Amino acid sequence: MKHTITRKEVLNGADFLIDVVAPGVAKRFVPGNFCVLITIPNGERIPMSIQKAEGDTISLFFKKLGKTSFELDMKKVGDEIYKIIGPMGSPPPIKKYGTVVFASDLVCGHAENWAMCDILRKIPGNHIISIQSFPTSADVYPDKELCEPVADEFILATEDGSRGVKGHYLDVLEKLLKERKIDQVFAGGGIPPLQKISELTKKYNVPVYTTVRQIMVDATGMCGSCRVFIDGEQKLACIDGPMFDGHKVDWEAAISRLTMFKSKEAVAMDCLNEKMKGVK
Ligand SMILES: Cc1cc2nc3c(=O)[nH]c(=O)nc-3n(C[C@H](O)[C@H](O)[C@H](O)COP(=O)(O)OP(=O)(O)OC[C@H]3O[C@@H](n4cnc5c(N)ncnc54)[C@H](O)[C@@H]3O)c2cc1C
Ligand code: FES
């Protein structure tokens, strides 16, 4: 199977999106699933949230962070990704919740925001509010890639107030929780704000599903790298998640595990930079 890139768009200085042919993943995709990419033979496996599936293609949002995402950014339309595996994970129930808020502040959370809003909005009795927050207006995605088309209400926020409402999604959500009856919150993106959203929703007694994005090595439940503690019980983010009840997550453990491979990641990036010296 050739996983050809059919579209590539730059979203801001660091994020980009691709549409890529992956019929097996596209056919079985349920919002909340993710997939695993191997960009080149012998490359590492990196997990990626799926924004949507249309026909044989899936859409993915990427942030350029380290070696593999930089390698991926070097690919252009018509190039191939070596392998795409999935869909993976156990999405939360797709059902009637009532008034739902999905809040996100980072590339992977934005993909999940789109996917979950899109499916939940189709269920009678749900009213979907999507909040997307970015640091500044320069980071905001092009309008057509924001979640407005898949939500009943859409709130764009920037932390410096340069576009949309001023503040992080946490500020916007707190205002909503004070003023309106919210039945269910979902959140994705950076892990530290997910800990805060769990505390915030607990204060207002509103349930929250959070995407607990842990470092994954095999993403098939074999290595234990992505373990998280839910109500004291060990779970695997790649099999049982990555969306979990935020009120039950051991956030201190989840945050500390994110830095496990920092020194190895820096070495991999140095090697790539060395390799790229002189390459135009
Ligand atoms: C379920 C899930 C869904 C994800 N969805 C997206 C997405 O839609 N878009 C996106 O840009 N990123 C997503 N990520 C994170 C993405 O997998 C990492 O950014 C990627 O592996 C970085 O690889 P790298 O070699 O470029 O950087 P590295 O130098 O390897 O890592 C840079 C940083 O990325 C994080 N990271 C690295 N490897 C992993 C890993 N295997 N799992 C989780 N985090 C990692 C760490 O915080 C690390 O410090 C997702 C992660 C998970 C677990
Ligand atoms: S990534 Fe290995 S068990 Fe989840």
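If you count by the working numbering, then the sequence shown holds residues -14 to 265, one letter each, in order.
Quick reminder that beta carbons are idealized off the backbone N, C-alpha and C, glycines included.
In this text the structure is predicted, and so the values were computed from the model without any measurement.
Assigned secondary structure, residue i (DSSP; H/G/I helix, E/B strand, else coil)
{"i": "F14", "result": "coil"}
{"i": "S115", "result": "strand"}
{"i": "K265", "result": "Below a pLDDT of 50, predicted positions are generally treated as unreliable, and K265, at 49, falls in that range; no measurement from the model is reported."}
{"i": "V135", "result": "helix"}
{"i": "H268", "result": "Residue 268 is absent from the model: the chain starts at -14 and stops at 265."}
{"i": "R212", "result": "strand"}
{"i": "E97", "result": "helix"}
{"i": "D4", "result": "strand"}
{"i": "T24", "result": "coil"}
{"i": "K160", "result": "helix"}
{"i": "T196", "result": "strand"}
{"i": "R30", "result": "strand"}
{"i": "Q219", "result": "strand"}
{"i": "T121", "result": "coil"}
{"i": "D41", "result": "coil"}
{"i": "Q36", "result": "coil"}
{"i": "A238", "result": "helix"}
{"i": "D230", "result": "strand"}
Inter-residue Cα distance where the pair is residue i and residue j
{"i": "P120", "j": "G146", "result": "9 Å"}
{"i": "E275", "j": "L185", "result": "Absent from the model: residue 275. The displayed extent of the chain is -14 to 265, so no value can be given."}
{"i": "T(-9)", "j": "P77", "result": "30 Å"}
{"i": "I104", "j": "V85", "result": "12 Å"}
{"i": "A136", "j": "K68", "result": "32 Å"}
{"i": "I182", "j": "E65", "result": "38 Å"}
{"i": "S241", "j": "H153", "result": "23 Å"}
{"i": "E133", "j": "G51", "result": "30 Å"}
{"i": "A239", "j": "G231", "result": "12 Å"}
{"i": "V10", "j": "I31", "result": "15 Å"}
{"i": "P8", "j": "K107", "result": "23 Å"}
{"i": "T(-11)", "j": "D4", "result": "9 Å"}
{"i": "A100", "j": "D128", "result": "16 Å"}
{"i": "H112", "j": "R13", "result": "26 Å"}
{"i": "G28", "j": "T53", "result": "8 Å"}
{"i": "D225", "j": "V21", "result": "16 Å"}
{"i": "K151", "j": "M(-14)", "result": "46 Å"}
{"i": "D124", "j": "K(-7)", "result": "17 Å"}
8 Å contact criterion, which residue i and residue j should meet: CB distance rounded
{"i": "Q36", "j": "A88", "result": "The Cβ separation is near 16 Å, so there is no contact."}
{"i": "F55", "j": "K49", "result": "6 Å"}
{"i": "V234", "j": "V213", "result": "6 Å"}
{"i": "Y126", "j": "L(-4)", "result": "5 Å"}
{"i": "S115", "j": "R148", "result": "That belief does not hold up - the Cβ atoms of S115 and R148 are roughly 16 Å apart, past 8 Å."}
{"i": "F47", "j": "F19", "result": "Contact doesn't hold; Cβ gap of about 13 Å is too wide."}
{"i": "R198", "j": "I215", "result": "No, R198 and I215 are not in contact; Cβ-Cβ is about 15 Å, not under 8 Å."}
{"i": "Y194", "j": "F139", "result": "With a Cβ gap of about 19 Å, Y194 and F139 do not count as contacting."}
{"i": "L141", "j": "L155", "result": "That belief does not hold up - the Cβ atoms of L141 and L155 are roughly 15 Å apart, past 8 Å."}
{"i": "L91", "j": "G174", "result": "4 Å"}
{"i": "P227", "j": "G74", "result": "6 Å"}
{"i": "P16", "j": "I79", "result": "7 Å"}
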